[in-house]
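Visitor: Got a structure here, written out as structure tokens. Questions coming.
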Amino acid sequence: MNSDRLLGSANSPAGPGGYPNGQPARTAQSCYLASAPVVDVLFDQLQYLVSHGGRDCPAECLECGRLERVKHWLLLPFRKSAM
762 MNSDRLLGSA
772 NSPAGPGGYP
782 NGQPARTAQS
792 CYLASAPVVD
802 VLFDQLQYLV
812 SHGGRDCPAE
822 CLECGRLERV
832 KHWLLLPFRK
842 SAM
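Here it is in structure tokens:
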């Protein structure tokens, strides 16, 4: 799949270069979406896991396991070193 191809030409037969009539379509819409900032994604995931932590879940809940692993890594710098 070519993510750089513009929308609006999907139903047209492809010509040279993979585009109808040999030219890319000029439309206002593009199928490329810019990614969200990493910090925003991390905080969204952390917020989801923290809100999940108060639910009544079975012991083998995958999300509760993820929360415990995240807490372990986030709190690691504050633990006393064994040295």
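So in our numbering, the last spot in the sequence shown is 844, and the numbers never skip. Quick reminder that beta carbons are idealized off the backbone N, C-alpha and C, glycines included.
Excluding the five sequence neighbours on either side, which residues of its own chain have a C-beta within less than 8 Å of the C-beta of Val811, listed in chain order?
Guide: Result list for Val811: Leu828, in chain order.
Visitor: Assign Arg830 to one of three DSSP states: helix, strand, or coil.
Guide: Arg830: helix per DSSP, three-state reduction.
Visitor: Would Ala833 and Glu824 qualify as a contact pair, given that the criterion is a beta-carbon distance under 7 Å?
Guide: Checking the displayed sequence, the identity of residue 833 turns out to be His instead of Ala. The answer is no: Cβ separation not under 7 Å.
Visitor: Is Asp805 helix, strand or coil by DSSP?
Guide: Helix at Asp805.
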